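> The working numbering applies: residue 3 is where the sequence shown begins, and numbers increase by one. Ideal placement from N, C-alpha and C gives every residue a C-beta, glycine not left out. From a predicted model like this one, the values you see are computed outputs, not experimental measurements. Got a structure here, written out as structure tokens. Questions coming.
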Amino acid sequence: MSKPRHFSDSQAMLFAVDEVPAQPQETARLPSYIRDHRARLRERFLVGGADALPDYELLELILFRAIPRRDVKPLARQLIEIFGDFNRVISAPISRLTEVAGVGEAVVTELKIIEAAAQRLSRSRVMQRQVVSSWDALLDYCHTAMAHRDTEQFRVLYLDRKNVLIADEAQAQGTVDHVPVYPREVVKRALELNASALILVHNHPSGDPTPSAEDIDMTAQIQTAAQALGLTLHDHLVIGKSTELSFRAQGLL
């Protein structure tokens with residue numbers, strides 16, 4: 003199809019994705035009210051961007067690709083109702099998504115592609131960059147990667163002598179309120195990467211980033227191990243649903 007003049011290359015490519023010439027029979031089989039609704043929704047998105055659509059309509063655009071011959075608005079609304087918002091839908095565990103009637107492999111695949119793309123984009127803004135000058139981008143990445151998880155995850159960000167982020171690694175997965183962390187493994191990995199400093203990050207699925215006594219004790223152990231090897235522990239970030247807590251800012255480091 004030809005590109006509309008007022009669309010950017012990326013917008014035109016997105017517009018074309020669901021209307022490739024190889025599928026004219028599928029489009030023809032759509033009832034007119036569904037076909038017209040999809041066309042109007044795409045147009046609103048391409049002209050007004052994501053801000054022009056509520057969460058459930060943005061979700062509809064994704065579901066169009068997974069479910070090409072059915073009205074997907076009821077499913078989009080149901081997913082938002084169950085999980086809360088667009089971000090929580092795309093980051094929901096596969097096991098929970100497939101419990102929803104109408105969600106199969108195709109829907110899960112589309113949602114997880116979007117989640118992976120969001121994480122790749124936010125990660126690209128912080129990797130190989132000086133952390134101090136990209137702190138807000140770093141927080142955005144941590145929230146994108148961890149805020150909506152329903153189990154705890156512990157990550158370590160490794161920095162070089164110029165505080166450039168050289169590695170971001172998930173060290174451990176846990177339960178809804180606990181994640182096992184081994185200080186010796188954290189600092190050992192820093193030496194393997196020739197890192198000079200590190201930032202600890204973990205999430206609280208409850209949404210409250212207040213550190214537990216175990217969080218504080220574990221951080222102290224890692225700080226002691228790091229100092230013994232000449233490594234600097236810059237901070238420990240606890241990621242909640244919509245905010246984060248910095249050990250450094252709270253005087254806990």
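Could you check where the alpha helix (DSSP H) with GLU83 kicks off and where it finishes?
As a working note, residue 83 is residue 81 in the sequence shown. Looking at the DSSP string, the run of the alpha helix (DSSP H) that includes GLU83 is 75 to 85.
> Candidates ARG71, ARG157, ASN196 and GLY51: which alpha carbon is nearest ARG37's?
For this step, residue 37 is matched to residue 35 along the sequence shown. Of the listed residues, the one whose Cα sits closest to ARG37 is ARG71.
> Under 9 Å, do PRO213 and HIS238 count as touching if we go by C-beta distance?
Translated into positions along the sequence shown, residue 213 becomes position 211. Translated into positions along the sequence shown, residue 238 becomes position 236. Yes; because the gap between Cβ atoms is below 9 Å, this pair is in contact.
> Quick check on DSSP: helix, strand or coil for LEU247?
Working through the sequence shown from its first residue, we reach residue 247 at position 245. Strand.
> Comparing the C-beta of SER93 with each C-beta of chain D, is any distance below 9 Å?
Of the chains in the structure shown, none is chain D; there is only one protein chain.
> Under a Cβ-count criterion, where at least 16 other Cβ atoms within 10 Å of its own Cβ denotes burial, should ALA52 be classed as buried or exposed?
Here residue 52 refers to the residue found at position 50 of the sequence shown. That one is exposed.
> Short of 7 Å in beta carbon distance, which residues of its chain neighbour HIS150, apart from the five on each side in sequence? Order them along the chain.
In the sequence shown, counting from the first residue as 1, residue 150 sits at position 148. For HIS150, where only same-chain residues beyond five positions count, the Cβ hits under 7 Å are ASN89, ARG90 and SER93.
> In this structure, does DSSP put LEU152 in helix, strand or coil?
The sequence position of residue 152 within the sequence shown is 150, counting from 1. Per the sequence presented here, residue 152 reads as Asp, with Leu not at that position. ASP152 falls in the coil class under three-state DSSP.
> Strictly by DSSP, which residues pair up with LEU202?
In the sequence shown, counting from the first residue as 1, residue 202 sits at position 200. The partner list for LEU202 (beta bridge, DSSP) reads VAL158 and HIS238.
> Are the CB atoms of LEU233 and LEU200 nearer to each other than 9 Å?
On the sequence shown, position 231 is the one that residue 233 refers to. On the sequence shown, position 198 is the one that residue 200 refers to. Against a cut-off of 9 Å, the Cβ pair of LEU200 and LEU233 comes out as a contact.
> Are VAL166 and VAL133 touching if we call contact CB-CB under 9 Å?
Translated into the one-based positions of the sequence shown, residue 166 becomes position 164. Translated into the one-based positions of the sequence shown, residue 133 becomes position 131. Yes, they are a contact pair.
> Taking all protein chains shown into account, decide if ILE224 is buried (16 or more other Cβ within 10 angstroms of its Cβ) or exposed.
Taking the first residue of the sequence shown as position 1, residue 224 is located at position 222. Looking at its Cβ environment, which holds 16 or more other Cβ atoms inside 10 Å, ILE224 is buried.
> Short check: CB of ARG186 to CB of GLU171, under 9 Å?
Residue mapping note: residue 186 aligns to position 184 of the sequence shown, counting from 1. Residue mapping note: residue 171 aligns to position 169 of the sequence shown, counting from 1. Not closer than 9 Å, so no.
> Find the nearest neighbour of ASP142 within the set TYR184, LYS114, SER126 and VAL188, judged by alpha-carbon distance.
Within the sequence shown, residue 142 is the residue found at index 140, counting from 1. For ASP142, the nearest C-alpha among the options comes from SER126.
> Taking the alpha carbon of ASP210 as the reference point, which residue from ILE241, PRO182 and ALA228 has its own alpha carbon closest?
Position 208 of the sequence shown, counted from the first residue, corresponds to residue 210. That would be ILE241, whose Cα lies nearest to the Cα of ASP210.
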